[in-house]
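All residue numbers for the sequence shown refer to full-length UniProt numbering, where the first residue is 1 and numbers rise by one. Below: the structure, in structure tokens.
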Amino acid sequence: MKKVEEELERMKKAGIIEEITEPTDWCSPMVPVLKISGAVQICTDLKKLNLSVKRERYLIPTLDDILHRLKGAKIFSKLDATSGFYQIPLDPETAKYTTFITPFGRYYYKRLPFGIYSAPEIIQRTMETILKGEENTICFFDDILIYSNSDEEHEQASRELHEEDCRGRAQAQQGKMQLQAVRDRVPWSRDQRRRNQTRQEED
Numbered sequence: 001m002k003k004v005e006e007e008l009e010r011m012k013k014a015g016i017i018e019e020i021t022e023p024t025d026w027c028s029p030m031v032p033v034l035k036i037s038g039a040v041q042i043c044t045d046l047k048k049l050n051l052s053v054k055r056e057r058y059l060i061p062t063l064d065d066i067l068h069r070l071k072g073a074k075i076f077s078k079l080d081a082t083s084g085f086y087q088i089p090l091d092p093e094t095a096k097y098t099t100f101i102t103p104f105g106r107y108y109y110k111r112l113p114f115g116i117y118s119a120p121e122i123i124q125r126t127m128e129t130i131l132k133g134e135e136n137t138i139c140f141f142d143d144i145l146i147y148s149n150s151d152e153e154h155e156q157a158s159r160e161l162h163e164e165d166c167r168g169r170a171q172a173q174q175g176k177m178q179l180q181a182v183r184d185r186v187p188w189s190r191d192q193r194r195r196n197q198t199r200q201e202e203d
């Protein structure tokens, strides 16, 4: 329980959640998940709330859509939006619907939680809005892939994404999407690499 309490405090200091003492119409159970690293991830069972949430409909690319765009590409860079979901603020008027109960009190989310029904559509729309107009980029939720056919093309695409989009548009967003490079020249995902039986070899 100590790790749960520490994680709740960390999330509170980061502005992700806020403690609440007043009565609320909604209150969901907390579901702490122990990661392989030993850290605790705070999740919330929002099933009942989701029954009343009006879902945002937005087209999410399929694996075939992504592979079609990657056809012929040789170099890849994967980027990750740091805590992507938590960078999208909730409407203060309705945020208290996400109230959840813990052994240490009740809290509500000030940022988009994973369990909200339309969270995948919201993060996809937000990321595509940020990256609109950028060539050689694909986003899948809070992951971004830069792809190209040559080192020169790849360097230019990476530079444009970092210097113009990520620093400019991303910080202009209310959610302040901060992009963080994970590793250079990697396939889109391990799962897709298995499904397509392809492997990106180092030059």
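Where a beta carbon is used, it is the ideal one built from N, C-alpha and C, also for glycine. It should be emphasised that the depicted structure is a prediction, and the values quoted were computed from it without experimental measurement.
### CA nearest to the CA of residue 281, picked from R111, I130 and L145
An answer regarding residue 281 cannot be provided, because it is not within the stretch 1 to 203 covered by the chain.
#### Entry: 8 Å contact criterion, which L79 and I146 should meet: CB distance rounded
7 Å
### Task
Check the DSSP bridge columns for V33 and list the partner residues they point to.
Q41
### Task
Specify the secondary structure class of I16 as computed by DSSP and reduced to three states.
coil
### Message
If contacts are defined as beta-carbon pairs under 8 Å, then Y108 and K96 qualify, I think. What distance do you get, rounded to the angstrom?
### Response
5 Å
### Query
Looking only at C-alpha atoms, which of R55, G72 and E7 sits nearest to G38?
E7
### Message
Quick check on I36: buried or exposed, where buried means 16 or more other Cβ atoms within 10 Å of its Cβ?
### Response
exposed
### Query
The beta strand (DSSP E) spanning K78 covers which residue range?
I75 to A81
### Query
Sorted by chain position, which residues of the same chain lie with C-beta nearer than 8 Å to F85's C-beta, five sequence neighbours on each side aside?
Within the same chain, F85 has close Cβ partners R111, L112, P113, F114, A119, I123 and D142.
### Query
What's the C-alpha gap between L67 and T94?
Going by the C-alpha atoms only, they are around 38 Å apart.
### Task
Jot down the residue ranges of each uninterrupted beta strand (DSSP E) in the UniProt domain "Reverse transcriptase" (43-163), minimum 3 residues, whole runs only, in chain order.
75-81, 100-102, 105-109, 137-140 and 143-148
### Task
Return the CA-CA distance between L46 and G72, expressed in angstroms with no decimal places.
Their backbone Cα atoms lie some 42 Å apart in a straight line.
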